[in-house]
Amino acid sequence: MGKSALITGITGQDGSYLAEFLLARGYRVHGLVRRRSPATLARIAHLVEGPERSSDLLLHDGDLGDPLALRAIAERADPDEVYHLAAQSHVGLSFTQPETTIQTTGLGAVRMLEAVRGHRDRSRREVRYYQAGSSEMFGGSPAPQSEVTPFRPRSPYGCAKVLAHQATLIAREAYGLFACNGILFNHESPRRGEEFVTRKVARAAARIRVDPAERLALGNLEARRDWGYAPDFVEAMWRMLQQDAPGDWVVATGVTHSVRDLLEVAFGHVGLDWRDHVDVDRALLRPLDVDDLCGDATRARRELGWRPRQRFEDMIVEMTEREVERAAIDDATHGSRREI
Ligand code: NAP
Ligand code: G4F
Numbered sequence: 001m002g003k004s005a006l007i008t009g010i011t012g013q014d015g016s017y018l019a020e021f022l023l024a025r026g027y028r029v030h031g032l033v034r035r036r037s038p039a040t041l042a043r044i045a046h047l048v049e050g051p052e053r054s055s056d057l058l059l060h061d062g063d064l065g066d067p068l069a070l071r072a073i074a075e076r077a078d079p080d081e082v083y084h085l086a087a088q089s090h091v092g093l094s095f096t097q098p099e100t101t102i103q104t105t106g107l108g109a110v111r112m113l114e115a116v117r118g119h120r121d122r123s124r125r126e127v128r129y130y131q132a133g134s135s136e137m138f139g140g141s142p143a144p145q146s147e148v149t150p151f152r153p154r155s156p157y158g159c160a161k162v163l164a165h166q167a168t169l170i171a172r173e174a175y176g177l178f179a180c181n182g183i184l185f186n187h188e189s190p191r192r193g194e195e196f197v198t199r200k201v202a203r204a205a206a207r208i209r210v211d212p213a214e215r216l217a218l219g220n221l222e223a224r225r226d227w228g229y230a231p232d233f234v235e236a237m238w239r240m241l242q243q244d245a246p247g248d249w250v251v252a253t254g255v256t257h258s259v260r261d262l263l264e265v266a267f268g269h270v271g272l273d274w275r276d277h278v279d280v281d282r283a284l285l286r287p288l289d290v291d292d293l294c295g296d297a298t299r300a301r302r303e304l305g306w307r308p309r310q311r312f313e314d315m316i317v318e319m320t321e322r323e324v325e326r327a328a329i330d331d332a333t334h335g336s337r338r339e340i
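Going by my numbering, 188 is the number at position 188 of the sequence shown; the sequence numbering is gapless.
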């Protein structure tokens with residue numbers, strides 16, 4: 001019998017890549033999906049129907065706000081490994097929805113840990129747990145950041161992730177749960193949500209190429225991020241749960257770029273000068289922002305044997321190319337301009 005895994009947040013960027021990764025390794029994959037209108041299965045649609053669909057993928061309705069549902073799903077899935085990825089993951093939104101963010105991203109993790117621990121105790125077999133932690137927890141701590149850097153969160157989202165991180169440590173130390181904290185720096189892909197800056201810029205560059213009258217509004221152009229590639233990063237999550245003992249690992253590329261650098265690459269790729277097309281909109285500035293994130297992933301390299309493969313420039317070019325294709329499909333389908 002192969003292993004089985006439960007992924008919360010399977011409909012998100014990372015969940016979709018992780019599902020593909022685990023299915024390719026012979027796992028049976030269970031995914032927690034919250035039902036919404038309209039449905040949000042786009043990133044895993046190819047695994048649910050069509051020629052690539054997998055009979056080893058099983059979806060379960062549930063929501064992080066519902067501890068009874070989480071407990072029932074843990075029982076039904078009976079997983080060897082749990083990857084807890086579901087969260088309200090947008091930092092900017094966490095300033096306008098702090099309580100929802102703490103509920104979903106912070107308490108949701110506490111509820112998931114309790115569901116997993118309960119299932120482990122009832123089934124009397126080991127269940128390994130991964131917590132999707134974030135470099136946003138470091139907040140104001142100067143770069144480079146590693147596992148020993150103090151957490152100084154500068155957003156409600158960062159605070160919620162610190163709560164989840166500490167709850168994971170407590171589950172490990174108090175109850176002996178095989179629980180790992182990944183501290184992942186930003187990672188992107190063509191499946192990134194449209195509200196994040198890399199996808200927003202890639203999409204705008206592609207659309208402005210065909211319609212130079214469109215404008216792109218952004219907030220802080222000076223912020224620096226350590227931007228890696230999501231398919232590389234989900235492999236690190238899996239490697240953590242294959243270790244002999246649980247631990248905490250930073251996952252990062254160690255290379256940092258500004259939002260301006262991102263604009264140079266994306267607009268440069270489609271032959272445009274971003275300065276002619278971008279406006280700074282003060283409404284998009286966050287009440288507090290993190291200036292500079294740059295991870296030191298020495299421990300992950302040494303202990304997990306993990307290394308990033310994709311370079312920032314190649315990733316942004318791939319994302320922009322994908323948006324050029326999407327823009328062509330959109331124009332063919334709708335024949336009209338859409339809002340950036
Ligand atoms: P994402 O694309 O925003 O996906 C978030 C997932 O959580 C979606 O599947 C979403 O479902 C689900 N979700 C949200 N609220 C839920 C609820 N109340 N109940 C059940 N499911 C819910 O995020 P991502 O980029 O894949 O990131 C995955 C995880 O890693 C997140 O925890 C994020 O905070 C963390 N992280 C991400 C990065 C990064 O750079 N990407 C870096 C560090 C940490 P819907 O599809 O229905 O919205
Ligand atoms: O793309 P972002 O929204 O990513 P952010 O805030 O770094 O958060 C992402 O990475 C975290 C890891 O560090 C994850 F935990 C989190 O879940 C998420 O995946 O913004 C990046 C930077 C920020 O400084 C932001 O102020 O870009 C700046 N920015 C400038 N204009 C903008 C915009 N960000 C967004 N989303 N939209 C803008 O118009």
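All residues carry an ideal CB built from backbone N, CA and C; glycine is no exception. Predicted model only: the values in this text are computed from it and were never measured.
- Own chain partners of V162 with C-beta closer than 6 Å, once the 5 adjacent residues on each side are dropped: Closer than 6 Å at Cβ, skipping near neighbours: M137, F151 and P153.
- Query: According to DSSP, which residues form a beta bridge with W274?
  - Reply: Beta-bridge pairing links W274 to no other residue.
- Query: Alpha carbon to alpha carbon, what distance is there between L32 and L22?
  - Reply: The alpha-carbon atoms of L22 and L32 are separated by roughly 15 Å.
- Task: Kindly list the residues whose CB is nearer than 6 Å to the CB of V156, restricted to its own chain and excluding five residues on each side of it in sequence; keep chain order.
- Result: First, the amino acid is wrong: residue 156 is Pro here, not Val. So the list reads S94, P98 and T101, once near-sequence residues are dropped.
- Could you tell me how far apart the beta carbons of P308 and Y229 are, in whole angstroms, since I believe they sit closer than 8 Å? Confirmed, Cβ separation roughly 7 Å.
- To which residues of the same chain is E339 closer than 7 Å at the C-beta, ignoring the five residues directly before and after it? Legend: pLDDT at E339 = 44, less than 50; position of this residue unreliable, value from coordinates given subsequently. Hits under 7 Å: none found.
- Task: State buried or exposed for E49, treating a residue as buried only when at least 16 other CB atoms are found within 10 Å of its CB.
- Result: Under this definition E49 is an exposed residue.
- Task: Check whether the Cβ of D289 lies closer than 7 Å to any heavy atom of the ligand G4F, and answer yes or no.
- Result: The answer is yes for D289.
- Which value, in whole angstroms, describes the spacing of the CA atoms of R337 and D314? Low confidence applies here, because R337 scores a pLDDT of 49, under 50, leaving its location unreliable; read the following figure in that light. Their backbone Cα atoms lie some 28 Å apart in a straight line.
- In the segment 226 to 277, which residue ranges form an unbroken beta strand (DSSP E) of at least 3 residues, counting only runs that do not cross its ends? Whole beta strand (DSSP E) segments, 3+ residues: 248 to 251.
- Query: What is the DSSP secondary structure of Y129, counted as helix, strand or coil?
  - Reply: Strand.
- Message: Let me check understanding here. Comparing Cα to Cα, which of A217, L107, A109 and V197 lies closest to S258?
- Response: Residue V197 is the option with its Cα nearest to S258.
- Message: Looking at the secondary structure, which residues open and close the beta strand (DSSP E) in which L58 lies?
- Response: Where L58 is concerned, the enclosing beta strand (DSSP E) stretches over L57 to D61.
- So, G133 versus G62, is the Cβ gap smaller than 8 Å? The beta carbons of G133 and G62 sit no closer together than 8 Å.
- Item | Enclosing beta strand (DSSP E) for H30 [first to last residue] | In the DSSP annotation of this structure, the continuous segment of the beta strand (DSSP E) that includes H30 starts and ends at R28 to V33.
- Item | Residue from A115, R111, T149 and E188 whose Cα sits closest to the Cα of Q13 | Of the listed residues, the one whose Cα sits closest to Q13 is E188.
- Taking the DSSP output, what are the residues bridged to A179? As DSSP reads the structure, A179 sits in a beta bridge with Y129.
- With which residues is S134 paired in a DSSP beta bridge? Among the bridge pairs identified by DSSP, S134 is matched with L184.
- Message: Quick check: is any heavy atom of the ligand NAP less than 7 Å from the C-beta of G295?
- Response: Annotation for G295 indicates a beta carbon at 7 Å or more from all heavy atoms of the ligand NAP.
- Query: So what does DSSP say about G295, is it helix, strand or coil?
  - Reply: G295: strand per DSSP, three-state reduction.
- Message: Mapping the DSSP letters down to three states, classify V162 as helix, strand or coil.
- Response: In the structure shown, V162 sits in a helix (DSSP, three-state: H, G or I).
- Do you know offhand how far A171's Cα is from F233's? About 24 Å.
- Does the ligand NAP have even one heavy atom less than 7 Å from the beta-carbon of I316? No.
- Could you tell me the boundaries of the beta strand (DSSP E) in which S16 lies? S16 -> not in any beta strand (DSSP E); alpha helix (DSSP H) instead, spanning Q13 to A24.
- Message: Can you give me the C-alpha to C-alpha distance between M240 and G247, rounded to a whole angstrom?
- Response: Roughly 8 Å between the two C-alpha positions.
- Any non-hydrogen atom of the ligand NAP closer than 7 Å to S155 Cβ: S155: no, Cβ never under 7 Å from the ligand NAP.
- Message: Which same chain residues end up closer than 6 Å to C159 when comparing Cβ atoms and leaving out the 5 residues on each side of it in sequence?
- Response: Within the same chain, C159 has close Cβ partners P153.
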